[in-house]
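Numbering that gives the first Met the number 0 puts the first residue of the sequence shown at 0, with every later residue one more than the last.
Down below is the structure, laid out as structure tokens.
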Amino acid sequence: MTASATTRSAELQLQIQHRLVEQLSQQERQYRELVELLEEIVFQCDGRGRLQFTNPSWLVKLGHGSADTLGRSLVDFAADDGSRERIASAFGSPTGGGPRDGHEVALVTADDERRHFVLRVHRRDGGWAGSLFDITERRRVELALRRQEQEAQRLSVVASRTDNLVVITDPQGRIQWVNEAFVSRTGYTFADIAGRTPGQMLQGPDTDPATVAHMHRALARGAGFNVEVLNYARDGSPYWVAIDCSPVHDASGRTLQFVAIERDISERKAAQQALHESAERYRQIVETVGDVILRCDAHTTLWFLNPAWTATTGLDVDSSLGRTLYHHVHPDDQELLRTTVTGLESGGTPPPVELRMRSSAGAWRWCELSLRSGGAHYDGDFVGILRDVQRQRDAQQTLRKAKELAEQLSVERTRFVANMSHEIRTPLNAIIGMGELLADSQLNAEQHNLVSTINSAGTSLLALLNDVLDFAKAESGGLELERRPFRLVRPVESAIKLIEPRVIEKGLTLKVCIDPALPSHVCGDEFRAQQVMTNLLSNAVKFTEKGGITIRMLRTATGPEQQPRLRVEVEDTGIGVRPEAYARLFQSFTQADASTTRSYGGTGLGLVICRQICERAGGSIHLAPPGEQPGAVFVVEVPLIEAATPPQRRPLEGVSARVDVHDTAIATCLENALRWSGASVDPASSEWVITDRSDPAHDGVRVTHLNDQLRQILTPGRLLEEHLGADGRATRQTQAPCGYLKVLVVEDNPTNQLLFRRLLARHGCTVDAVDNGARALDALQQQAYDLVLLDMHMPVMDGIDCVRAIRGDRNLLQPRVVAVTAEATAAARERALRAGCDDWVTKPLSPQVLAEVLSEAEMRLGAIDPDACQVAPTDLPFRIELERCTIAAFAELCTGAPPAAAAARVDALRRLLSRAGSDVVRAAVDEAVARNDWAPARLVADRWQRQLTAMSADCVRRQTDTEAT
0 MTASATTRSA ELQLQIQHRL VEQLSQQERQ YRELVELLEE IVFQCDGRGR LQFTNPSWLV
60 KLGHGSADTL GRSLVDFAAD DGSRERIASA FGSPTGGGPR DGHEVALVTA DDERRHFVLR
120 VHRRDGGWAG SLFDITERRR VELALRRQEQ EAQRLSVVAS RTDNLVVITD PQGRIQWVNE
180 AFVSRTGYTF ADIAGRTPGQ MLQGPDTDPA TVAHMHRALA RGAGFNVEVL NYARDGSPYW
240 VAIDCSPVHD ASGRTLQFVA IERDISERKA AQQALHESAE RYRQIVETVG DVILRCDAHT
300 TLWFLNPAWT ATTGLDVDSS LGRTLYHHVH PDDQELLRTT VTGLESGGTP PPVELRMRSS
360 AGAWRWCELS LRSGGAHYDG DFVGILRDVQ RQRDAQQTLR KAKELAEQLS VERTRFVANM
420 SHEIRTPLNA IIGMGELLAD SQLNAEQHNL VSTINSAGTS LLALLNDVLD FAKAESGGLE
480 LERRPFRLVR PVESAIKLIE PRVIEKGLTL KVCIDPALPS HVCGDEFRAQ QVMTNLLSNA
540 VKFTEKGGIT IRMLRTATGP EQQPRLRVEV EDTGIGVRPE AYARLFQSFT QADASTTRSY
600 GGTGLGLVIC RQICERAGGS IHLAPPGEQP GAVFVVEVPL IEAATPPQRR PLEGVSARVD
660 VHDTAIATCL ENALRWSGAS VDPASSEWVI TDRSDPAHDG VRVTHLNDQL RQILTPGRLL
720 EEHLGADGRA TRQTQAPCGY LKVLVVEDNP TNQLLFRRLL ARHGCTVDAV DNGARALDAL
780 QQQAYDLVLL DMHMPVMDGI DCVRAIRGDR NLLQPRVVAV TAEATAAARE RALRAGCDDW
840 VTKPLSPQVL AEVLSEAEMR LGAIDPDACQ VAPTDLPFRI ELERCTIAAF AELCTGAPPA
900 AAAARVDALR RLLSRAGSDV VRAAVDEAVA RNDWAPARLV ADRWQRQLTA MSADCVRRQT
960 DTEAT
């Protein structure tokens, strides 16, 4: 090759090299420009991992300059241990994992913030080249999306479980999602409504069009809304919802969805409707009520009045508002209003007050004002009711005058009834009493028949008088009941004694069946109880021609507290009562059958009085429905009140008895009567046997045969008498009076004085008579009397003043005082007993009642019983004479022994008493010695001497009769 060729070749080679260098330089510049333009960080490291190059993105992303970066390891910029490990792992790989594999690392910026990158590295020329792709924003977006997803999940759970209805729609209002509560309430499934607007299904005829238009306008603007609207479920049932609809926007503000939360407010709307209707009703009531309803403040300034204000006062409501109540109240009544306001201010509840209110005519009307505090919602305010009571006060005034007149008339009627009772009973007492005295005298048959007619007519007239007076008292409210203890069967026994002659005359039977659970003594009005039983038994005997009468006394209970009651049934086998006559049975002056008035007689007042007495006692009387057997059953029920006195000993306590009777009904009555009387009924008893057998099958046992008399009239009292008679004893109440009493009769009617003298003389009493209370006091001053029969109505001094004077004079030897009056009222009896009388009987006074009064007086005054002597022979006359000697010695001592001899005489008398005196004399001696007062003892000694004289005479007479026989 020639030199020139070599030169040209060298030049060409040089040109090529320059060309290549220029191209490489240009490529490098391009490369650098590209690297500098990249947002991704590009770096180069040496073999030890120290940074030798970073593009500008390093500074932009991390804020570290070249001086702080080059020569340092990438690990130095790691934000946490995990990033360090991942960087070390990338550089520890032989190849770095290649550019496709990346490691997510966190690096710290110059401002100590964390930024996230994807690290890619690979080996190159003994060093490392790599890139860091910034994923901080992506992670922030992913985290935000993750949070949104979590929030969406939570909202989805809440929306699915809430009771509220949740609806999500697109911007056009078409449904995209609903919760279960929506499906349950409306009845539409999501498949039924997806893609449709809610209004197409839920709105109905009563949905408010204005509310619907408001929702449409809000949706068109992309705005939310809050409304209450009436919707309809699938089945057509309406319901109210409160809708809170809100739009959902994207980052650019574009509306993506609408979310509506619907609360079911149907109950609230119903309550509001009910409240509105209630308020409307109350408004109507307030406006139409006749009483004034007002509201005022603490100063009584009126700020509300209903229309009744104008009707009551005649004043206009508007002109009255703003004024105080004081302005409308009478000046004399303003203090009452002030007191009421003060009471309200102190927290009290003052009672209503009556005051005069101003009216439009300038007059004053009485009104009743009730003020109350307005409550917590009206602090300091008062509400009130003003009622017009002018007519009421006028009516009360008229009623008061009428009441006073009625009371005056009632007093006059009561006085008239009492006077009529006194005026009628006084001559009737003489008629009946003299008739009975005349009947006991020597009369021929015709005269005896005439006297019996007079006595029968007098008794009928007395019964009629009693019925009419009792009816008059009951009608006027003057029927009074006492509450005193008495033996339960005594009113029944007393009533039976009164009708016993007619029972025997007609050949009827009468038995009393008593419940053993009943007490022996009760509390009540014995007289009225006897009156009821007498009426019922009289009717039973009157209307019964054959068969008998049964009285059942039962203990029952009534009410939730089981209050004890006494039930008495009176059953007869008479003509009975027709059902259509029941309504007339207890009417005044009527009978069940008008024909019975002619056949049987009567006033028709008996059952009426019985009903009034029972109702007054808190009970009732009625006729039981008819049964299969003929007759009638009257039933009386009254409260059973046991006597509060100490428990009474039953008369047959400790007695064992056996009933051996064929008739089951009679046997049951006997056993119940025995148990009620305290006896024990033992089938094996050998102490006392009651039998109807005629053969002597009870040797060595006390036997009571059920004779015809006991079988005909069987009562607990008669059974007790049979036992006492079999035991050889008798009660003091069944003894006839001895007739030794000194009696003072205080009676202004001469005929009645004569009657009392004759009746008392028949019993052997010593009798004096005076015509007024003043003379009675003079007689008692002059001598001692055992008994005073005292009339209540007399001139000069009546019975009440007289007995008070007797009890107030301590110098008098106090006698027993019995009021004998024609005023047969409980009030009169109460006045007499309260004044000091010991007992009270009414006129006409029959011989039987007088005998009971004398027997009671003898027992109460301390009679001598010769059988009670300590030591005495069995001969009764000798015992009486021995007792008389003892009494004579006692009387001599009482007349006034010298003081020196008094002690010796007392010792002598006591020695005599130890041998032959009775306990009652010994007690009198001990009392006189202890009190050193022999004046009462003188009266007692005189009384005993008279008693023993009468007993001795009676004993001699009986002996004479026996000897004559």
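All residues carry an ideal CB built from backbone N, CA and C; glycine is no exception.
Residue i: first and last residue of the uninterrupted beta strand (DSSP E) it sits in
i	result
residue 181	Not the beta strand (DSSP E): residue 181 falls in the alpha helix (DSSP H), residues 179–185.
residue 973	The structure shown does not extend to residue 973, since the chain is modelled only from 0 to 964, so the question has no answer here.
residue 689	687–690
residue 353	352–357
residue 78	First-last for residue 78: undefined, no H or E at that position.
residue 643	Counting along the chain, residue 643 falls outside any beta strand (DSSP E), and DSSP gives it neither H nor E.
residue 384	381–387
residue 43	40–44
Three-state class that DSSP yields for residue i in the structure shown
i	result
residue 543	coil
residue 364	strand
residue 556	strand
residue 298	coil
residue 599	Caution is warranted here: a pLDDT of 46 is assigned to residue 599, below 50, making its placement in the model unreliable, and the coordinate value is therefore given only provisionally. Three-state DSSP puts residue 599 in coil, outside helix and strand.
residue 899	With a pLDDT of 46 at residue 899, under the threshold of 50, the modelled position of that residue is not reliable, and the figure given next carries that caveat. Helix, per DSSP.
residue 668	helix
residue 592	Interpretation of residue 592 is limited by its pLDDT of 46, a score under 50 that renders its predicted location unreliable; no figure is taken from the coordinates.
residue 130	strand
residue 86	helix
residue 775	helix
residue 399	helix
residue 519	coil
residue 325	helix
residue 371	strand
residue 236	coil
residue 281	helix
Residue nearest to residue i in terms of C-alpha spacing, selected from the options
i	options	result
residue 182	610, 233 and 170	233
residue 799	812, 836, 379 and 546	836
residue 127	186, 91, 441 and 137	91
residue 492	483, 361, 526 and 480	526
residue 790	192, 660 and 843	843
residue 615	398, 482 and 280	482
residue 773	805, 760 and 761	805
residue 328	366, 612, 764 and 231	366
residue 242	131, 255, 745 and 217	217
residue 820	191, 792 and 826	792
residue 120	40, 165, 632 and 539	40
residue 193	681, 534, 177 and 442	177
residue 686	655, 668 and 705	655
Span of the alpha helix (DSSP H) around residue i
i	result
residue 490	489–505
residue 68	65–68
residue 208	208–220
residue 807	798–807
residue 55	55–61
residue 755	749–761
residue 197	197–201
Those residues which DSSP pairs with residue i across a bridge
i	result
residue 704	690
residue 256	247
residue 168	174 and 257
residue 638	564
residue 675	In DSSP, residue 675 forms no bridge with anything.
residue 486	520
- prompt: Within the chosen definition, does the region 283–300 reach the region 379–396 through at least 3 CB pairs nearer than 8 Å?
  reply: In this structure the region 283–300 lies against the region 379–396, because at least three pairs of beta carbons, one per stretch, are closer than 8 Å.
message: Using a Cβ distance threshold of 8 Å, determine whether the region 66–73 contacts the region 37–55, with at least three qualifying pairs required.
response: yes
query: Counting Cβ pairs, one atom from each stretch, are 3 or more of them under 8 Å apart for the region 206–223 and the region 183–190?
result: no
query: Quick one: any contact between the region 736–750 and the region 703–719, if contact means 3 or more CB pairs under 8 Å?
result: No, the region 736–750 is not in contact with the region 703–719.
message: Three or more C-beta pairs under 8 Å: does that hold for the region 356–372 against the region 267–286?
response: Counting Cβ pairs under 8 Å, fewer than three are found: no touch.
task: Specify whether the region 658–665 and the region 627–643 touch according to this definition: at least 3 beta carbon pairs, one from each stretch, less than 8 Å apart.
output: no
task: Indicate whether the contact test is met: 3 or more Cβ pairs, each with one atom in the region 565–573 and one in the region 542–550, closer than 8 Å.
output: yes
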